[in-house]
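Have a look at the structure below, then the notes.
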Amino acid sequence: MNYKKSKILFLVSVLTLVGCNYRQSVAAIPQQQDLQTTPSLFSSQPDTRDLATPLTYKIETYDSQVMGASRTYGVSLPPGYKQNLKQSYPVIFLLHGGHGYPTDWFIQNKGQALKTVEKLYTTGKLPPSIIITPDGNDKRGSSPYRDPAYIDGPNGKVSTAVGDELVKVVQSRYRTLTNPDFWAIGGLSSGGWGAMNVGLHNLDHFSILFSHSGYFHDKSGPINSPISYIKTIPLQAQKRLRIYLDSGKSDIEEIDEAKGFTKVLNEHKIYNSFRQFPGSHTWQYWREHLADSLTFVGKQFRASEIAHRDENLGFNRGKNTRSY
Numbered sequence: 013m014n015y016k017k018s019k020i021l022f023l024v025s026v027l028t029l030v031g032c033n034y035r036q037s038v039a040a041i042p043q044q045q046d047l048q049t050t051p052s053l054f055s056s057q058p059d060t061r062d063l064a065t066p067l068t069y070k071i072e073t074y075d076s077q078v079m080g081a082s083r084t085y086g087v088s089l090p091p092g093y094k095q096n097l098k099q100s101y102p103v104i105f106l107l108h109g110g111h112g113y114p115t116d117w118f119i120q121n122k123g124q125a126l127k128t129v130e131k132l133y134t135t136g137k138l139p140p141s142i143i144i145t146p147d148g149n150d151k152r153g154s155s156p157y158r159d160p161a162y163i164d165g166p167n168g169k170v171s172t173a174v175g176d177e178l179v180k181v182v183q184s185r186y187r188t189l190t191n192p193d194f195w196a197i198g199g200l201s202s203g204g205w206g207a208m209n210v211g212l213h214n215l216d217h218f219s220i221l222f223s224h225s226g227y228f229h230d231k232s233g234p235i236n237s238p239i240s241y242i243k244t245i246p247l248q249a250q251k252r253l254r255i256y257l258d259s260g261k262s263d264i265e266e267i268d269e270a271k272g273f274t275k276v277l278n279e280h281k282i283y284n285s286f287r288q289f290p291g292s293h294t295w296q297y298w299r300e301h302l303a304d305s306l307t308f309v310g311k312q313f314r315a316s317e318i319a320h321r322d323e324n325l326g327f328n329r330g331k332n333t334r335s336y
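For the numbering used here, count along the sequence shown from 1 and bump the result up by 12.
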């Protein structure tokens with residue numbers, strides 16, 4: 013009897029050990045796949061040799077069927093773009109404000125955006141991205157007496173030209189990721205409003221929107237007023253949105269606009285971040301805080317990379333699932 017009991021206990025122990033080892037190996041499989049066989053959607057950190065070369069920008073031209081004229085845009089390609097021929101990249105549109113041009117975000121006495129972007133690449137806060145600065149002016153051109161009209165209106169379909177036509181031009185000319193989770197659009201002042209308006213009317217292209225010192229009502233009516241229009245977009249599209257806002261504390265009207273817009277975003281459970289900083293409606297303020305909006309953008313790009321990478325592993329996650 014004692015012999016039989018010992019034999020039974022021995023067999024139970026062996027089976028238990030085998031079972032434990034089996035469960036551990038099964039649990040480890042997804043982790044091994046994630047580390048060894050899952051390709052990265054984009055390079056999270058540029059090569060140090062590529063970072064040693066200062067970023068540059070060019071002004072390019074294309075024929076706009078929407079506007080019926082030749083249009084321009086600025087472009088800055090990420091470090092290593094010419095060397096990494098199989099790599100595709102996220103895209104960031106930066107919109108100029110009143111009396112502005114596609115060069116505004118780049119030039120020395122205004123945006124100096126490439127200095128900011130270089131620092132963010134070096135610190136890993138922003139994945140290498142294609143930076144695009146559209147021409148946001150309508151057929152009337154730039155004027156100190158009016159803001160750009162980022163709408164489809166009587167002076168041209170600027171919203172469609174920027175948010176759809178130019179997107180397709182960029183996709184045809186450069187190696188871009190096409191999923192809207194890897195496309196961001198933002199701007200300053202009337203360009204901040206424009207980014208919200210263009211982005212919300214082109215949600216098949218953009219899911220990350222940001223505004224510096226922007227406003228969210230437009231005199232043309234609720235269809236071009238993000239604070240109203242955002243209530244009309246489908247629930248599934250609202251879930252995809254990621255929105256960043258900031259304003260200088262001396263910009264009283266813009267602060268009030270942002271607070272009102274944030275309230276609507278929260279009521280509709282749309283992911284958003286609103287920040288106030290010392291400062292006013294100046295290029296110094298926008299230069300200082302472009303890093304804040306682009307750091308937000310970088311976090312969304314990385315979260316989307318994780319979510320879409322997991323989808324490729326076959327995990328049962330919805331298309332819009334993100335990790336934070």
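Here a beta-carbon is modelled for each residue, glycine too, at the ideal position from N, C-alpha and C. Small disclaimer: the values here were computed from a predicted structure and weren't measured.
Cα-Cα separation between S259 and E266, rounded to whole angstroms = Between S259 and E266, the C-alpha separation is close to 6 Å.
message = Please report the straight-line C-alpha distance between H217 and L253, rounded to a whole angstrom.
response = For H217 and L253, the distance between alpha carbons rounds to 11 Å.
inquiry  = Quick check on E317: does DSSP put it in helix, strand or coil?
reply    = It is helical.
key: N278, enclosing alpha helix (DSSP H) - first and last residue   = The continuous alpha helix (DSSP H) containing N278 extends over residues I264 to E279.
request  = Assign E317 to one of two classes, buried (16 or more other C-beta atoms within 10 Å of its C-beta) or exposed (fewer than that).
outcome  = Burial call: buried.
request  = Tell me G86's beta-bridge partners as DSSP assigns them.
outcome  = DSSP output for G86 lists I71 and T145 as bridge partner(s).
key: At least 3 beta-carbon pairs within less than 8 Å: the region 268-287 vs the region 89-104   = These segments do not touch.
ask   = Does any heavy atom of the ligand COA sit closer than 7 Å to the C-beta of G123?
value = The ligand COA is absent from the structure shown, which contains no ligands of any kind.
message = Rounding to the nearest angstrom, what Cα-Cα distance links H280 and W298 in this structure?
response = Taking the straight line joining both Cα atoms gives about 28 Å.
message = Classify N209: buried if its beta carbon has 16 or more other beta carbons within 10 angstroms, exposed otherwise.
response = Buried, since its Cβ has 16 or more Cβ neighbours within 10 Å.
message = Counting C-beta neighbours from all protein chains within 10 Å, is the total for S184 16 or more, i.e. buried, or is it exposed?
response = S184 sits exposed, since fewer than 16 C-beta atoms from the chains shown fall within 10 Å of its C-beta.
query = For the 8 Å Cβ check, are there 3 or more pairs between the region 142-158 and the region 81-91?
reply = Contact between the region 142-158 and the region 81-91 is present, with at least three C-beta pairs closer than 8 Å.
Whole-angstrom distance between D230 and I264, CA atom to CA atom = About 17 Å.
query = First and last residue of the beta strand (DSSP E) that includes V103?
reply = From DSSP, the beta strand (DSSP E) with V103 extends over V103 to L107.
ask   = How far does the alpha helix (DSSP H) with S202 in it reach, from first residue to last?
value = Where S202 is concerned, the enclosing alpha helix (DSSP H) stretches over S202 to L212.
ask   = Do you know offhand how far S262's Cα is from Q95's?
value = If I take the Cα positions, the gap works out to 45 Å.
inquiry  = I'd like to check one pair, L189 with G5: are the Cβ atoms closer than 8 Å?
reply    = Look at the range of the chain in this structure, 13 to 336, and you will see that residue 5 is not part of it.
query = Nearest-angstrom Cα distance between S88 and G199?
reply = A direct Cα-Cα distance of roughly 16 Å separates S88 from G199.
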